[in-house]
Each structure stands twice: as C-alpha cells, then as structure tokens.
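The numbering used here puts the sequence shown at residues 1 to 337.
Glycine included, every Cβ here is placed at the ideal spot set by N, Cα and C.
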Amino acid sequence: MVKIALDAMGGDNAPAEIVKGAVQAIAADKDCFVYLVGKEDKIKECLNGQQYDSSRIEIVNADDVIETGEPPVMAIRRKKESSLVKAMYMVKNKEADAFVSAGSSGAILVGGQTIVGRLRGVDRPPMAALIPTKDGVSLLVDSGANVDARATMLVQWAVMGSIYMENVVGIKNPRVAIVNVGLEEEKGNSLVKETYPMLKECPNINFIGSIEAREIPNSYADIIVCDAFVGNCILKLYEGEAKMILGKIKGVMMSSLKTKIGALLIKKALKTQLKSMDASEHGGAPLIGLNGLVVKTHGNAKAKEVKNSLIQCVTFTKMNINDKIIEALGQIPEQHN
C-alpha cells in the first residue's frame, strides 16, 4: 500500500475537489491510501454522502492554511500547524511515501527542500512537468523550481528525467534534448554551451542534441532540459496556446448551423484529441530528487487532476524511483558533479 499525504486545504477548489479526487483515486487504485490533511470538520463535510473505502482514507487535522500570497520561507517556519507543513512532515517522518498539494508553489518548493530534504548526490531538485506532444507526452525539466542553474544541475535533471520517463511513463531509452536557439553544438548561451558536451559524455542518458522550442510539440524528444526560467516560459506558453486554440475551435464550431452539424459528426474524435491535451489527464508536476515524492498540481486543480496525481504517486513509489536516481547519479563522471 502506498501512503500519500494530501494537502486537503491547498488550491482554489479546496477542500471539496481535493477530497473528491482522493475518493476517486482509492476507487481507481487498490494500492492507494490517502491521508487527508486539513481542517477535520470541513473534510468530513466533503466526505459526507460519498461512497468510499473508509479503511483507505484517514483524516489528519491541521488547523492552519498557507495562503498563496504568503512569503514561502516565513510561512513554512511560522505555520507548523498548516495542512501543507504537516503533510510534508509526514513524508519526512516516513509516515507517508508521497505528498500532493495544489497550494502555494513557493511554499512547496521551500518545504520540499527544507522539510523533506534532498536525496544523496542531488544538487537542486527540479520541477518536472509532462506536456502534451504529437505522439504523447514529453517531460519538461526544470519547469519551475530553479531559474538560475549550473551545467551540472542540468545533467542531473536529464538523468533523473530519463529514469522518470522510463519507469513511470513507460518510454524505453527516452531521448534527451536541451533547449537551444539552434541545432548546432556551438550555439546557445553560456549555460547551454557548457552543458551540451557534458550531456554528450553522460553514460546513462540518450542525448540527441539541441531542440528548438518550435519542435517541442512535435515529439522530437522525450525529455526537454532547460533552466526553470526557460522551462516555465515554455510551460505557460503551452497553457496559453492551448486555451486560445480551444477557444477558437469552439467559436468556429458554434458560428453557424452547418458548423454545428459538422461539430456533431466529429465530436467523438475531437473529444479524444482534446483529452490528450488536457493537463489534468497527466497529474501534477513532481519535484524530483527529494527523500520522498512531492507533487505540485495546478492551483485550480479539480478532482480528476488530484486523482491522477495520487495514482502517479503510487506508480512512482512502487517503481523505487529514488533508489534508481541515487544509483544513476553515482555513474555520472566526477567532473560533471
């Protein structure tokens, strides 16, 4: 049984959608056990009337909440009784295998490093987000944790991302590429130029070279490596473009009687394609390289994304990803650490 500490009070739709997602997760995966951490009375209200296996959900009371706008470091230090901090300590103390929250990104990043702590050999844990592509998904790493990075960090992220994609997503020998302004090895800023040869020499990744941003959606690589400044810009552009395209499609389909009839004819096929572009289908973004799994979902996450994030935690934990990361990082050439 994989035990997950879920911050029931984090996010725009807490606690109702968070609790609903937990109920859906334990119904979907028999190996999933969820601690709902938060205000007990509110959680019980959300559970009231729902059918679920009470042996696989437990409420852990936490009277305080870290709000999105609070300074992360101060909030982590002062709000020890918050749902986010209490849930993270459950991972630190080995009461839970993983942590999931739709709450403050800053608090999750700070808490992940200061409470849960880094794995041996990990310089800085990256945020790893799955993004939809033509043939499936790619892993964008770092998508939000480290805006300033060193070449050695990018090499570690490539290794950790490869392990994640192979074991959690199921892609054998995943292709690694570094985001660049051209395909030639000599192109790029100082960080890319320093990182490129190190990735070429790294023994346990399938490095294919540079990738330009326009080719990311075309499934040219399975792991997209960059610092979080670049990665978060790519992620936000992805999200904005998806919203804009969906809006345009809807507008065209509803513009006349003919287009409405056409929409009905392609409804099933279109629904399948749109589902593959839905971020909630892929769960949250894990902070890889900690002494326990920490997953950040979107702040506006609803039950489906919460459910998928919890199931993602089950797969990650059962595959012993952290043991594989420690072993793989030990094989990186000394000068690259």
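Span separating the alpha-carbon of residue i from that of residue j
i    : j    : result
D31  : G49  : 23 Å
S162 : G10  : 30 Å
A301 : A62  : 21 Å
T259 : M253 : 5 Å
R118 : R124 : 8 Å
G283 : T272 : 17 Å
N232 : S143 : 5 Å
G247 : R214 : 21 Å
L109 : S255 : 45 Å
R120 : K250 : 49 Å
G182 : G209 : 10 Å
E81  : V65  : 8 Å
K304 : E184 : 41 Å
E40  : A22  : 15 Å
Y164 : L257 : 47 Å
I261 : C46  : 40 Å
I288 : V116 : 12 Å
M244 : L237 : 10 Å
E186 : Y220 : 20 Å
Q24  : G188 : 45 Å
V91  : A107 : 15 Å
I325 : L139 : 16 Å
K79  : E67  : 11 Å
Beta-carbon spacing of residue i, residue j below 9 Å
i    : j    : result
C313 : L290 : no
I216 : I131 : yes
I27  : Y52  : Note that residue 27 corresponds to Ala in the displayed sequence, not to Ile. Contact flag set, yes.
V306 : I18  : yes
M198 : A151 : yes
S101 : L36  : no
I171 : D222 : yes
A98  : F316 : yes
A328 : M160 : yes
K3   : A96  : yes
K56  : M1   : Reading off the sequence shown, one finds Arg at residue 56, where the question assumed Lys. Going by C-beta atoms, R56 is nearer than 9 Å to M1.
G103 : A14  : yes
T195 : V230 : no
I321 : D29  : no
D12  : G299 : yes
For residue i, three-class secondary structure by DSSP
i    : result
T133 : strand
V73  : helix
E215 : helix
L119 : coil
N167 : helix
L257 : helix
D97  : coil
Y89  : helix
N13  : coil
V23  : helix
V181 : coil
G251 : helix
V141 : strand
R124 : coil
N338 : Missing from the structure shown is residue 338; the chain here goes from 1 to 337 and no further.
D41  : helix
R150 : coil
G209 : strand
V176 : strand
8 Å contact criterion, which residue i and residue j should meet: CB distance rounded
i    : j    : result
V85  : G111 : 6 Å
V176 : N206 : 6 Å
M319 : N167 : 4 Å
A129 : A263 : Contact flag wrong, Cβ pair sits at about 31 Å.
E201 : P71  : With 8 Å as the limit, E201 and P71 do not qualify as a contact, their Cβ atoms being about 41 Å apart.
S105 : K296 : 6 Å
N180 : V192 : 5 Å
Range of the contiguous alpha helix (DSSP H) that encloses residue i
i    : result
E194 : S190 to E201
D323 : I321 to L329
V110 : S105 to G111
Where the beta strand (DSSP E) through residue i begins and ends
i    : result
E58  : I57 to N61
C313 : Here C313 belongs to no beta strand (DSSP E); instead the alpha helix (DSSP H) covers A303 to K318.
K3   : V2 to D7
L36  : C32 to G38
K296 : L293 to K296
V225 : I223 to V225
A285 : A285 to L287
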